[in-house]
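Participant:
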Amino acid sequence: MKDMFKLDNKVAVVIGGAGGIGESLAAGLAKQGAKVAIASRNIKKLEEVARKIQSEAESEVAAFQVDVTDERSVEQLVERVVSKFETVDVLVNSQGVNLKRDPIEFPVDDWQLLFDVNVKGVMLACREFGKVMIGKKKGKVINISSVRGILGTANGNVGYCATKGAVDMITRALAAEWAPDINVNAIAPCLVRTEMVKRAVRPESIKTFLTRVPLKRMGEPEDIVGACIFLASAASDFITGQILYVDGGLTAIG
Ligand SMILES: NC(=O)c1ccc[n+]([C@@H]2O[C@H](COP(=O)([O-])OP(=O)(O)OC[C@H]3O[C@@H](n4cnc5c(N)ncnc54)[C@H](OP(=O)(O)O)[C@@H]3O)[C@@H](O)[C@H]2O)c1
């Protein structure tokens, strides 16, 4: 049973893998035996994190620069990852931005940036890595969505909520398009202690929010790792098109 979760000889790509949730996911996949490519814009940070993860896991970890809003950059990422590791078995889309803006003043440029990174960036990565997976008729895609894809909220979140709703539907639609060969699922966390939350959420809002979370605490990046290993591994072979809520019970109570 334990072997169902092993990822030996698999190649996993984690976009947004040099910090926050993505770094924990990359480290978790490496510890399960996967070779891991981490990618985002900041190559210096990526190289540091790759060295750190590789020294802690007995797996190869490599760093690649990408800007997911740029089509050619994503195409080049796929070329470079395949040239290094020969294939791709697992894609994790953990890139994202959160810009909170008053709905009646929402600047169009901010709306565009949210959709460029959170929606276009996810779709471009799915499209380009999907080509590799479709070619070999096997693969797992894991998109990092949010409870904000299903639960509306005030406090300037309309843009972010809209992007995560779109990620949920990209997940379901690609699961239908690419069945039966490729599994496409999403993980939807609630508040997780990362730089994104430090930047975007006020401490008093966190306190109020936690009163509604049955498990009464914020998530840590490590809380997301088990779900990711599950969705990357053979243990989830009969699961596709699902949004897995790792949210301390928030969506169970509405
Ligand atoms: N933290 C939470 O409470 C929470 C809750 C639910 C869902 N999520 C989702 O979880 C994912 C990870 O978030 P996090 O909390 O770990 O935030 P984070 O620490 O800010 O990580 C975001 C990552 O996205 C990368 N990124 C941003 N723009 C990019 C671009 N144009 N091209 C490539 N990479 C880009 C960043 O790397 P570079 O700066 O190097 O490009 C960074 O690694 C996001 O999708 C977020 O929406 C977070």
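Position 248 of the sequence shown, counted from 1, bears residue number 232 in the numbering used here, the numbering being contiguous throughout.
C-beta: ideal position from N, C-alpha, C; glycine also.
1. Leaving aside the five residues before and after Q79 along the sequence, list all residues of the same chain whose C-beta is less than 7 Å from its C-beta, in chain order.
2. Count the CB pairs spanning the segment 174 to 191 and the segment 199 to 210 that are closer than 8 Å, and state whether there are at least three.
3. Grab me the residues of F48's own chain with a C-beta within less than 6 Å of its C-beta, minus the 5 sequence neighbours each way, in chain order.
4. Checking the sheet assignment: what are the DSSP bridge partners for G123?
5. When the Cα of K84 is compared with those of E70, V116, V50 and R132, which residue comes out closest?
6. What is the DSSP secondary structure of K(-10), counted as helix, strand or coil?
7. If you run the structure through DSSP and keep just helix, strand and coil, what is N82?
8. Tell me whether E179 counts as near ligand 2, meaning its Cβ is closer than 7 Å to at least one heavy atom of that ligand.
9. Does ligand 1 have a heavy atom nearer than 7 Å to the CB of L239?
10. Residue range of the alpha helix (DSSP H) that K36 falls in?
11. Excluding five sequence neighbours on each side, which residues of the same chain lie with their C-beta closer than 7 Å to the C-beta of G232?
12. Hey, E7 and V33: beta-carbon distance below 8 Å or not?
13. Using the rule of at least 16 other Cβ atoms within 10 Å of the residue's Cβ for burial, across every protein chain shown, is M(-12) buried or exposed?
14. If I measure Cβ to Cβ from L215 and keep anything under 8 Å in the same chain, skipping five residues before and after, which residues do I get?
15. Can you grab the Cα-Cα spacing for the pair A157 / Q226, in whole Å?
Facilitator: Reading off the structure:
1. Within the same chain, Q79 has close Cβ partners I(-1), G0, S24, V52, V101 and G105.
2. yes
3. A21, A23, L61 and R64
4. I166
5. R132
6. coil
7. coil
8. Of the ligands one can find in the structure shown, namely ligand 1, none is ligand 2.
9. Look at the range of the chain in this structure, -15 to 238, and you will see that residue 239 is not part of it.
10. Run containing K36: I27 to E40, per the alpha helix (DSSP H) assignment.
11. C174, V197, P198, L199, R201 and G203
12. yes
13. Exposed.
14. These residues qualify, in order along the chain: K124, I126, N167, N169, I171, I223 and L228.
15. 11 Å
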